[in-house]
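Chains as they are written, first to last, in our numbering: chain A, 1 to 196; chain B, 1001 to 1196.
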C-alpha cells in the first residue's frame, strides 16, 4: 500500500514536470496533471495541498541530489565533503535546462503569496547556513585558509545560484555542467590551505 | 533641443520604473507611461521602439554604473581595475530592491521573443568576455596567480548574477550591498599574487 502510494506520487511529479515544461506552469491545471498521470483528484490532494505545493516538492526533489551527498559525507573531512558536493553539483543542471518559463511563472505567482514565497526561498537560506558552518569547521581544523565563513558561504551560494540562473537564461550559451564543476573546483581550491 | 529631448527620455525612463515596480510590467501600458511622464505617444516612440525596448534601456542604464567604471579605469593596472569595479558593483543593488515581479514579467515575455531575448542576455555575455580578457592580462602581467581566465571569469559573472538573483528573491535577507562588496573582495584577493 505504501509502495503504491509512493508510485502514485512519483507519477504525479513526472506528469507535472512534463506539463509545466511543455505548456507552462500557469496553463497546466490540477485536472490536466491528474489526466496526464492517470490518477484521481483525490489521490492528487492526498499527496499535495495545491499546485504550488507540488511545485515546491519538485524543487525539493531536484535539490535532493545535493542533500543526499551532504548527508552521506557528513563524517568525512571538510575538504572531502566539498569535493563530493563539487562532484554532485553539476548534475542539478541537467534537470534545469529549458525550464525557464516554468520557473518564472512559479516565482511570479509565489511572489504574491507570502507563505509559498517563504517556502520557495527556504532552500537557499538553508544552504547558506550549512556552508557557513562547514567552512567554519574547515578553518578550525586547519584545512581551509583563514576566510570569513559567512562571506565565503555567500560566495559559494551566489556562484551556485548565478550558474543556475545563467543555465536558465542561456541554456545553450555554455556547457553548464562543465562550467559548474570547474568554477566550484576553483573556488574550493582557493580556500584550501596550500600546506595540506 | 538635444537637451530637451534627453530630458523627455529621462522622464519616460523615470515614469516607467515607477509604474513597472508599483503595478507590474504587464499591466503598465505605453499609454500609462506617457500619462505618468507627461509626454505624447509620438515622443515615446521617438525614443523607444516598444515597451520591451524601453525595458532593455532601463537594464542598460542600470548597468551603466559598471560600464562607466570599466571605461574610466581602462588604463590602470588589472588589480586597480578590479578594485574599482568591486567598489562600484554594490551600487547596482540599490536599484534592484523589491523589483522582482517586474523582472520576472519582463523575462517571461522576453523568453517568447528571440530578438528581445538575445538583447536581454547580451550584457552577461559581454561581461564574461570582458572579465576573461582582463584576467588573462592580469595573469600575463603577473599580478594574478595562474588561473584559467575563462573559468575565473565565469566565477565572477556567476557570483554577480547570483547576488543579483538573491537580492531580488530575498531583498530583506541580507544587506546585499555589503555582501556584494565582501564577496567580490574575497574573490579578487584570492586571485591576486601573494608576492605583490
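Virtual Cβ for every residue (Gly too), placed ideally from N, Cα, C.
Determine the closest residue to residue i out of the options, with distance taken between C-alpha atoms.
i	options	result
residue 1006 of chain B	B:1035, B:1134, B:1044, B:1033	B:1044
residue 102 of chain A	A:169, A:134, A:139, A:130	A:169
residue 1091 of chain B	B:1113, B:1066, B:1037, B:1104	B:1066
residue 141 of chain A	A:76, A:186, A:69	A:76
residue 29 of chain A	A:52, A:3, A:10, A:84	A:52
residue 1117 of chain B	A:172, A:189, A:191, A:179	A:172
residue 14 of chain A	A:35, A:81, A:3	A:35
residue 8 of chain A	A:88, A:38, A:20, A:192	A:38
residue 192 of chain A	A:80, A:16, A:70	A:80
residue 58 of chain A	A:71, A:164, A:27, A:18	A:18
residue 1062 of chain B	B:1082, B:1099, B:1184	B:1099
residue 1089 of chain B	B:1070, B:1129, B:1050, B:1011	B:1070
residue 190 of chain A	A:139, A:107, A:163	A:139
residue 130 of chain A	A:33, A:78, A:119	A:78
Taking 8 Å as the CB-CB limit, is residue i close to chain B?
i	result
residue 196 of chain A	Note that residue 196 of chain A has pLDDT 41, beneath the 50 cutoff, so the model's placement of it is unreliable and the number below is only indicative. It does not; no Cβ of chain B falls within 8 Å.
residue 38 of chain A	no
residue 139 of chain A	no
residue 49 of chain A	no
residue 121 of chain A	yes
residue 170 of chain A	yes
residue 114 of chain A	no
Can you give me the C-alpha to C-alpha distance between residue i and residue j, rounded to a whole angstrom?
i	j	result
residue 137 of chain A	residue 1152 of chain B	26 Å
residue 1113 of chain B	residue 174 of chain A	21 Å
residue 1155 of chain B	residue 159 of chain A	6 Å
residue 1093 of chain B	residue 1176 of chain B	7 Å
residue 1157 of chain B	residue 110 of chain A	27 Å
residue 1086 of chain B	residue 180 of chain A	23 Å
residue 1022 of chain B	residue 1104 of chain B	14 Å
residue 1026 of chain B	residue 1068 of chain B	31 Å
residue 48 of chain A	residue 188 of chain A	38 Å
residue 186 of chain A	residue 82 of chain A	12 Å
residue 11 of chain A	residue 4 of chain A	10 Å
Would you say residue i lies against chain A (beta-carbon separation less than 8 Å)?
i	result
residue 1162 of chain B	yes
residue 1158 of chain B	yes
residue 1186 of chain B	yes
residue 1190 of chain B	yes
residue 1183 of chain B	yes
residue 1061 of chain B	no
residue 1177 of chain B	no
residue 1052 of chain B	no
With DSSP as the reference, please indicate the residues paired to residue i in a beta bridge.
i	result
residue 144 of chain A	A:192
I'd like to confirm something about residue i: is its beta-carbon nearer than 7 Å to some heavy atom of the ligand MN, or not?
i	result
residue 156 of chain A	As for the ligand MN, it is missing from this structure, which has no ligand bound.
Item checked: Touch test, the region 33 to 47 of chain A against the region 122 to 129 of chain A, Cβ-Cβ under 8 Å, three pairs minimum -> no
Check whether the region 144 to 161 of chain A touches the region 127 to 135 of chain A, taking contact to mean three or more Cβ pairs, one atom from each stretch, closer than 8 Å. yes
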